[in-house]
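Visitor: Just so we're aligned, residue 16 is where the sequence shown starts under the numbering used here, counting upward by one.
Yeah, the Cβ is synthetic: ideal placement off N, Cα and C, and Gly gets one too.
Dumping the structure here so I can ask a few things about it.
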Amino acid sequence: MAAPALLFAGGVAVSRLAALSAAEALLCLVLAAAARGVARGILAGRITAWTAWAAAGALAAAVHPPPAAPAIDLTPRRIEGCVVESSSLRGDRVQFTLAIQPEARVRVSWPIAEDGSLPLPLFYGQRVAAELRLQRVRGFRNAAGFDAEAYFARRGIFWTAAPARGARLERLPGACGSPWRRGLERLRAAALERIDAVHSSDATRAALMRGLLLGDKSGIRKVWVEDFRRTGTYHALVISGSHVTLVCGLFLLWRRFSGLGWRTVPLAASALAWLYALMAGADPPVLRAAAGFTLFAAGAALYRRLALLNTVAAVAIVFLALDPDQLFEASFQLSFLAVAALGAFFPGRPFRRGLDGRAMAAQLERKLAAETLHELLRLPVRLARFAVESAAALWRWGRTLFLASAAVQLSLALPMALLFHRLSITGFSANVVAVPFVSLAIPAGFLAAFTGWEWMGRIAGSLLDVSRRLVAWHAQLEPDWRIPDPPLWLAVLLFGTLIGWVTARRSGVRWLTGGLYCALLVLAVLHPFEPRSERGVLELAAIDAGQAESLLLALPGGAHVLVDAGGPAHHGRRRVDPFDAGEEVISPVLWSRGILRLDVLALSHLHEDHAAGAPSVIRNFRPREIWISFPRESLLWREIQAAARQAGSRIRSLRQGDQCPLPGVSCRVLAPPSSDEGGGRIQNKDSLVLEIRHGRHVLLLAGDIEPKREAELAEEGLLQTAHVLKVPHHGGRFSATSRLLEAVRPAVAVISAGENNSYGLPHREALARLSERRVLVLRTDRDGMVAVRTDGRYLEVRQAAGKRPAGIFDWE
Numbered sequence: 016m017a018a019p020a021l022l023f024a025g026g027v028a029v030s031r032l033a034a035l036s037a038a039e040a041l042l043c044l045v046l047a048a049a050a051r052g053v054a055r056g057i058l059a060g061r062i063t064a065w066t067a068w069a070a071a072g073a074l075a076a077a078v079h080p081p082p083a084a085p086a087i088d089l090t091p092r093r094i095e096g097c098v099v100e101s102s103s104l105r106g107d108r109v110q111f112t113l114a115i116q117p118e119a120r121v122r123v124s125w126p127i128a129e130d131g132s133l134p135l136p137l138f139y140g141q142r143v144a145a146e147l148r149l150q151r152v153r154g155f156r157n158a159a160g161f162d163a164e165a166y167f168a169r170r171g172i173f174w175t176a177a178p179a180r181g182a183r184l185e186r187l188p189g190a191c192g193s194p195w196r197r198g199l200e201r202l203r204a205a206a207l208e209r210i211d212a213v214h215s216s217d218a219t220r221a222a223l224m225r226g227l228l229l230g231d232k233s234g235i236r237k238v239w240v241e242d243f244r245r246t247g248t249y250h251a252l253v254i255s256g257s258h259v260t261l262v263c264g265l266f267l268l269w270r271r272f273s274g275l276g277w278r279t280v281p282l283a284a285s286a287l288a289w290l291y292a293l294m295a296g297a298d299p300p301v302l303r304a305a306a307g308f309t310l311f312a313a314g315a316a317l318y319r320r321l322a323l324l325n326t327v328a329a330v331a332i333v334f335l336a337l338d339p340d341q342l343f344e345a346s347f348q349l350s351f352l353a354v355a356a357l358g359a360f361f362p363g364r365p366f367r368r369g370l371d372g373r374a375m376a377a378q379l380e381r382k383l384a385a386e387t388l389h390e391l392l393r394l395p396v397r398l399a400r401f402a403v404e405s406a407a408a409l410w411r412w413g414r415t416l417f418l419a420s421a422a423v424q425l426s427l428a429l430p431m432a433l434l435f436h437r438l439s440i441t442g443f444s445a446n447v448v449a450v451p452f453v454s455l456a457i458p459a460g461f462l463a464a465f466t467g468w469e470w471m472g473r474i475a476g477s478l479l480d481v482s483r484r485l486v487a488w489h490a491q492l493e494p495d496w497r498i499p500d501p502p503l504w505l506a507v508l509l510f511g512t513l514i515g516w517v518t519a520r521r522s523g524v525r526w527l528t529g530g531l532y533c534a535l536l537v538l539a540v541l542h543p544f545e546p547r548s549e550r551g552v553l554e555l556a557a558i559d560a561g562q563a564e565s566l567l568l569a570l571p572g573g574a575h576v577l578v579d580a581g582g583p584a585h586h587g588r589r590r591v592d593p594f595d596a597g598e599e600v601i602s603p604v605l606w607s608r609g610i611l612r613l614d615v616l617a618l619s620h621l622h623e624d625h626a627a628g629a630p631s632v633i634r635n636f637r638p639r640e641i642w643i644s645f646p647r648e649s650l651l652w653r654e655i656q657a658a659a660r661q662a663g664s665r666i667r668s669l670r671q672g673d674q675c676p677l678p679g680v681s682c683r684v685l686a687p688p689s690s691d692e693g694g695g696r697i698q699n700k701d702s703l704v705l706e707i708r709h710g711r712h713v714l715l716l717a718g719d720i721e722p723k724r725e726a727e728l729a730e731e732g733l734l735q736t737a738h739v740l741k742v743p744h745h746g747g748r749f750s751a752t753s754r755l756l757e758a759v760r761p762a763v764a765v766i767s768a769g770e771n772n773s774y775g776l777p778h779r780e781a782l783a784r785l786s787e788r789r790v791l792v793l794r795t796d797r798d799g800m801v802a803v804r805t806d807g808r809y810l811e812v813r814q815a816a817g818k819r820p821a822g823i824f825d826w827e
């Protein structure tokens with residue numbers, strides 16, 4: 016079933032890329048089926064059968080189009096809905112999901128009151144109403160990164176909402192949703208309460224156990240699990256297929272004492288798997304594991320032992336037929352690839368012990384070792400044999416676990432590099448020594464929750480603590496590298512050699528393909544390739560960072576400069592788990608361009624919407640220099656300094672008239688004046704203003720300067736004609752004044768802003784001034800990532816990164 020599953024998935028992908036209609040896909044399926052009926056010969060039969068599977072996948076995708084948001088009124092108003100996801104505490108907000116129309120949901124984020132009081136605890140099936148401000152779900156429209164719009168749309172969530180000023184949450188009479196789901200949610204809530212009660216003395220343990228046992232990640236802080244992410248062991252902490260396997264495996268142990276047959280116990284265990292999957296939030300990975308175990312139970316009931324690859328392939332086909340867009344989710348890809356790797360590298364039972372010559376020789380060696388132990392230590396014969404057999408069993412178990420971990424780590428190396436730009440080295444051993452303790456903590460945690468025994472809860476917490484310490488030790492040894500997107504040819508070679516390694520039957524061929532695969536992995540990690548930029552061309556790309564700013568400059572000589580690093584504006588409030596724009600938004604864009612190191616990181620000023628992502632960018636890309644205007648004292652500045660010291664980056668403070676040497680272009684610093692004072696709080700007037708010239712074209716990057724600074728630059732005659740203007744202050748009402756525009760006379764204006772932001776930027780008055788002068792305006796809130804490229808003579812404008820050019824212009 017492996018080949019049909021791959022072809023079915025390929026048909027889904029082709030259907031989405033080519034936008035096939037249901038009629039076209041059905042016609043392909045009918046023609047393939049007809050050809051299969053008249054095919055002669057084995058090869059012709061296989062080709063037509065493969066084509067039919069691909070056509071079936073295309074048909075499944077065509078009859079399940081991507082979900083689209085219904086048209087609704089987005090003005091603030093009273094909204095009634097049904098709670099379809101119970102409330103959870105995330106940072107300083109309570110979040111829950113409301114269904115306001117069939118298959119149309121809104122994710123509500125309700126801030127905690129100033130006195131610390133929470134809104135009503137909400138459970139599935141309750142009807143509520145509140146005055147809400149709706150906003151369409153919108154991700155960051157860049158060339159790479161997480162596609163939030165598609166992710167939430169597949170879950171029926173099309174809007175986010177926050178309460179209007181002074182709004183109150185009302186609970187309406189009556190119930191909604193399905194009765195069985197309401198019962199499960201109540202059971203889940205009760206179980207979470209018991210977990211909290213057992214671990215009431217340790218909030219960290221309680222939060223981790225809630226996530227470990229029932230998938231509630233609301234109280235888990237990123238810093239607690241970062242080591243698990245780095246070492247490739249994070250799967251052990253989140254609800255996944257391994258949890259279902261463990262729960263069912265413990266249930267199957269009952270067979271040894273119950274006297275029930277092989278057919279009865281697996282069927283009961285599969286029912287338990289579905290119950291646990293639904294209680295754990297019905298996440299797709301858990302549902303897929305429950306479905307796979309159900310196939311195993313059905314095979315056992317029919318006295319059939321299913322091959323692992325066939326089981327995985329059958330589950331994949333079923334889930335893709337029901338929801339084809341799962342194919343494009345990282346969890347789907349990684350979970351199936353991991354299990355497929357185990358099935359491919361270990362086609363038989365890993366602990367199978369046969370009666371061949373090697374097994375008999377090993378048994379004889381263990382017998383001799385036991386007799387030697389008996390003679391040396393004067394141990395009883397039975398005790399000596401027990402010690403030797405136990406040690407041999409432990410060795411076999413550890414070796415098999417290590418080989419399984421290695422098979423999964425190596426098989427997932429390419430998708431991990433493409434999706435997360437990580438490749439764990441210590442994961443080979445971390446999964447062997449740390450994951451078993453997490454696995455033991457799961458049954459201990461369930462037993463503590465069901466019985467209320469605090470001593471059992473302490474045992475479960477201690478097991479979890481041991482695993483955390485082991486993972487932290489491995490994280491210290493983990494190389495601090497990140498991997499840019501490999502070239503297409505290298506990715507194809509990696510995939511091809513992995514397939515060859517798995518399918519090779521001869522030992523010599525296996526060693527050859529395996530060695531070649533590992534060599535190619537080393538090449539991908541070292542990444543000795545030039546970034547994907549065009550030589551001789553200056554490019555300014557405004558990254559879509561929401562209501563923040565980050566600009567990527569690709570210089571004609573191949574160097575790369577990042578101006579600002581984005582980040583959410585906290586207005587002085589530091590959240591418990593702040594969103595890291597540098598890691599989640601900016602870095603994926605740079606990695607997608609094949610950038611391994613930055614030449615310069617220029618921070619216009621230290622406001623968080625321009626610089627909060629800088630520490631992560633510095634750690635990931637180790638810029639040779641960091642440019643700053645005024646190093647104002649703040650927590651963010653201390654974090655930037657610490658990251659710069661660790662990366663070996665030189666920090667330079669620039670003022671008006673200073674040289675900013677960049678290869679292939681001329682660069683001038685226009686502001687701030689050297690007469691400005693360096694103390695005090697961070698202000699927009701601190702902004703670096705850079706003028707960059709290539710050929711006959713000039714780019715003016717104005718940071719967040721205000722009208723007074725614009726007038727000063729114009730009065731001092733520092734402003735020259737600039738064909739591209741990065742509009743100051745996100746297009747604020749008083750930015751891009753007539754004085755500035757008359758001096759610069761831009762042809763293209765670039766504005767970084769977030770869609771429907773609460774500041775109302777870019778302001779209509781600033782847009783009107785640009786429109787009066789017939790300036791082409793590129794906006795990240797409307798167009799996503801935008802770019803302007805020049806070879807020194809022509810300007811090329813790109814809107815919505817990755818799409819066709821919007822135009823090529825020859826401006827004097």
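Report the three-state DSSP secondary structure of residue 361 (helix, strand or coil).
Guide: Coil, per DSSP.
Visitor: Distance check for residue 302 and residue 193, CA to CA, integer angstroms please.
Guide: One C-alpha to the other measures close to 19 Å.
Visitor: Which residues in the same chain as residue 187 place their Cβ atom closer than 7 Å to its Cβ, once the five residues preceding and following it in sequence are excluded?
Guide: The answer, listed in chain order, is 95, 142, 143, 144.
Visitor: Quick one: using the 10 Å Cβ neighbour count with 16 as the cut-off for buried, is residue 655 buried or exposed?
Guide: Counting Cβ neighbours within 10 Å, residue 655 comes out buried, since at least 16 surround it.
Visitor: Helix, strand or coil: which one does DSSP assign to residue 100?
Guide: Strand at residue 100.
Visitor: Could you check how far apart the C-beta atoms of residue 353 and residue 324 are, in whole angstroms? I think they sit under 8 Å.
Guide: 13 Å between Cβ atoms; not a contact.
Visitor: Pick out whichever of 472, 426, 416 has its Cα sitting closest to the Cα of residue 450.
Guide: Residue 450 has its Cα closest to that of 416, out of 472, 426, 416.
Visitor: Would you tell me roughly how many angstroms separate the C-alpha atoms of residue 499 and residue 434, rounded to the nearest one?
Guide: C-alpha separation (whole angstroms): 10 Å.
Visitor: Mind checking who residue 682 pairs with in its DSSP beta bridge?
Guide: Beta-bridge pairing links residue 682 to 707.
Visitor: According to DSSP, simplified to helix, strand and coil, what is residue 452?
Guide: Helix at residue 452.
Visitor: Give the range of the alpha helix (DSSP H) segment to which residue 420 is assigned.
Guide: 396-426 is the span of the alpha helix (DSSP H), which, as asked, contains residue 420.
Visitor: Between which two residues does the alpha helix (DSSP H) carrying residue 63 extend?
Guide: Per DSSP, residue 63 belongs to the alpha helix (DSSP H) from 57-78.
Visitor: Once DSSP output is grouped into helix, strand and coil, what is the label at residue 789?
Guide: It is coil, neither helix nor strand.
Visitor: Once you ignore the five residues that flank residue 282 on each side, which residues in its own chain have a CB closer than 7 Å to its CB?
Guide: 312, 316, listed in sequence order.
Visitor: Going by the CB atoms, is the gap between residue 755 and residue 729 shorter than 8 Å?
Guide: Yes, Cβ-Cβ distance for residue 729 and residue 755 is below 8 Å.
Visitor: Sorted by chain position, which residues of the same chain lie with C-beta nearer than 7 Å to residue 529's C-beta, five sequence neighbours on each side aside?
Guide: Result list for residue 529: 516, in chain order.
Visitor: Tell me which residues share the same chain as residue 369 and place their Cβ nearer than 8 Å to its Cβ, disregarding the 5 neighbours each side in the sequence.
Guide: Low confidence applies here, because residue 369 scores a pLDDT of 45, under 50, leaving its location unreliable; read the following figure in that light. Within the same chain, residue 369 has no close Cβ partners at all.
Visitor: By the DSSP assignment, the beta strand (DSSP E) with residue 803 in it spans what residues?
Guide: Its beta strand (DSSP E) spans residues 801-805.
Visitor: Using DSSP with H/G/I as helix, E/B as strand and the rest coil, what is residue 633?
Guide: Reduced to three states, the DSSP call for residue 633 is helix.
Visitor: Rounded to a whole number of angstroms, what is the C-alpha to C-alpha distance between residue 707 and residue 506?
Guide: Residue 707 and residue 506: Cα-Cα distance of roughly 36 Å.
Visitor: Measuring CB to CB, does residue 686 end up less than 8 Å from residue 714?
Guide: No, the pair does not count as a contact, with Cβ atoms beyond the cut-off.
Visitor: Are there three or more Cβ pairs, one per stretch, closer than 8 Å when the segment 454-472 is compared with the segment 402-414?
Guide: Touching, no, given that fewer than three Cβ pairs across the two stretches are closer than 8 Å.
Visitor: With respect to the beta strand (DSSP E) encompassing residue 741, which residues constitute its N-terminal and C-terminal limits?
Guide: 739-741 is the extent of the beta strand (DSSP E) around residue 741.
Visitor: Return the Cβ separation of residue 629 and residue 580 in integer angstroms, given the expectation that the two are a contact with Cβ distance under 8 Å.
Guide: Right, the Cβ-Cβ distance comes to about 4 Å (below 8 Å), so this counts as a contact.
Visitor: Excluding sequence positions up to five away, which residues of its chain have a Cβ less than 6 Å from the Cβ of residue 670?
Guide: Here the set comprises 689.
Visitor: Taking DSSP as the reference, what is the three-state secondary structure of residue 366?
Guide: Residue placement at residue 366 is poorly supported in this model, since its pLDDT is 41, which falls under 50; the coordinates still yield a value, given next. Here residue 366 sits in coil by DSSP.
Visitor: Kindly indicate which residue of 288, 290, 803, 291 has the alpha-carbon position closest to the one of residue 556.
Guide: The shortest C-alpha separation from residue 556 is found at 803.
Visitor: For the segment 171-237, which segments carrying the alpha helix (DSSP H) assignment without a break, of at least 4 residues, lie completely within its bounds, in sequence order?
Guide: As far as the segment 171-237 is concerned, its whole alpha helix (DSSP H) runs of at least 4 residues are 194-213, 218-229.
Visitor: Kindly confirm or deny that the segment 147-154 and the segment 83-92 touch, where touching means at least three C-beta pairs closer than 8 Å.
Guide: Result yes; three or more Cβ-Cβ pairs closer than 8 Å.
Visitor: Using a Cβ-Cβ cut-off of 8 Å (strictly less than) and excluding sequence neighbours within five positions of residue 552, which residues of its own chain qualify?
Guide: Closer than 8 Å at Cβ, skipping near neighbours: 569, 571, 804, 805, 806.
Visitor: Can you tell me whether residue 57 is buried or exposed, with buried defined as 16 or more other CB within 10 angstroms of its CB?
Guide: It is exposed - the Cβ of residue 57 has fewer than 16 other Cβ atoms within 10 Å.
Visitor: Taking DSSP as the reference, what is the three-state secondary structure of residue 474?
Guide: Of the three classes helix, strand and coil, the one that applies to residue 474 here is helix, per DSSP.
Visitor: Closer than 8 Å by C-beta to residue 474: which residues in its own chain qualify, once you throw out the five before and the five after it? Chain order, please.
Guide: The residues are 459, 463.
Visitor: For the segment 476-483 against the segment 520-528, are there 3 or more C-beta pairs whose distance is under 8 Å?
Guide: Because the criterion of three Cβ pairs below 8 Å is not met, the segment 476-483 and the segment 520-528 do not touch.
Visitor: Have a look at the DSSP bridge pairing and note the partners of residue 124.
Guide: Residue 124 pairs with 110.
Visitor: Measuring alpha carbon to alpha carbon, tell me which of 185, 250, 83, 138 ends up nearest residue 453.
Guide: Residue 250 is the option with its Cα nearest to residue 453.
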